[in-house]
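Residue numbers (our numbering), protein chains in the order written: chain A, 143 to 255; chain B, 5 to 113.
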């Protein structure tokens, strides 16, 4: 069964560094999402992406964040200058557009030191 | 903005018992979904219930939706130790999901 994949599974970085989190959505999906989950807290919506542009973004998704679909398969989340409070699990999700179910990747745990 | 809220925050039961978790939300939705998350792991989709549905079953899972009360419940029957996880409801308004804070379920052998 096709699934969303994310790399790396765990990323450790120094405060102020740039990180890129990578996702490979399911191949025929058209809608893409990033969420984050700070340890022990709820899953929070960051951004949605469709037709090569951002559809919606939350207040969390400030100028430090950007998303890109550089080719036909990858979907990336970049954090330009990480802060300690960016430490969280980051989940990518995709959906085909014909159903309401989003399929989530396993997540990338980001630790900012 | 709409927001799913689950209760209880934590639930501890014995293996074989039933577990019931509730979710409340604030605004109109297209559907509501329940997810499971094992500690530190990814989200696994359990079940989707649409706004015009009242009850759905999937194996040992039973989900109800009461749109007049803006609430949903997830029932896990005959629980197993392997059901130990966090369970999240997520409401979908036609564009995006909003997750609740989750219920941590512990099933003791």
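Backbone N, C-alpha and C fix where the C-beta goes; we use that ideal spot for every residue, glycine too.
Buried or exposed by the 16-neighbour rule on C-beta atoms within 10 Å, applied to residue 10 of chain B: buried
Touch test, the stretch 198-211 of chain A against the stretch 219-227 of chain A, Cβ-Cβ under 8 Å, three pairs minimum: yes
Stretch pair the stretch 230-250 of chain A + the stretch 74-88 of chain B: three plus CB contacts closer than 8 Å: no
Expected contact under 8 Å - CB spacing of residue 232 of chain A and residue 252 of chain A to nearest Å: 6 Å
Test: residue 6 of chain B CB closer than 8 Å to a CB of chain A: Because residue 6 of chain B sits at a pLDDT of 33, beneath the cut-off of 50, its placement in the model cannot be relied upon, and the point is left open.
Per-residue burial, residue 157 of chain A [other beta carbons within 10 Å of its own, 16 or more giving buried]: exposed
CA-to-CA distance, residue 65 of chain B to residue 107 of chain B, given in whole angstroms: 15 Å
Residue 103 of chain B and residue 199 of chain A closer than 8 Å at C-beta: no
Where the beta strand (DSSP E) through residue 37 of chain B begins and ends: 35-41
Cutoff 6 Å; reference residue 167 of chain A; Cβ partners in own chain excluding five residues on either side: 146, 174, 217 and 236
Through-space distance from residue 169 of chain A to residue 215 of chain A, alpha-carbon basis: 7 Å
Residue environment, residue 31 of chain B, which counts as buried when at least 16 other CB atoms sit within 10 Å: exposed
Span of the beta strand (DSSP E), counted from its first residue to its last, around residue 86 of chain B: From DSSP, residue 86 of chain B is part of no beta strand (DSSP E); its letter is neither H nor E.
Contacting residues, own chain, Cβ-Cβ under 6 Å from residue 101 of chain B (five flanking each side not counted): 94
7 Å CB neighbourhood of residue 150 of chain A in its chain, flanking five on each side removed: 250
Whole-Å CB distance - residue 113 of chain B paired with residue 19 of chain B, under 8 Å assumed: 5 Å
Close-in-space but distant-in-sequence residues of the same chain around residue 57 of chain B (CB under 7 Å, 5 per side omitted): 69
Per-residue burial, residue 193 of chain A [other beta carbons within 10 Å of its own, 16 or more giving buried]: exposed
Residue nearest to residue 28 of chain B in terms of C-alpha spacing, selected from B:78, B:109 and B:111: B:78
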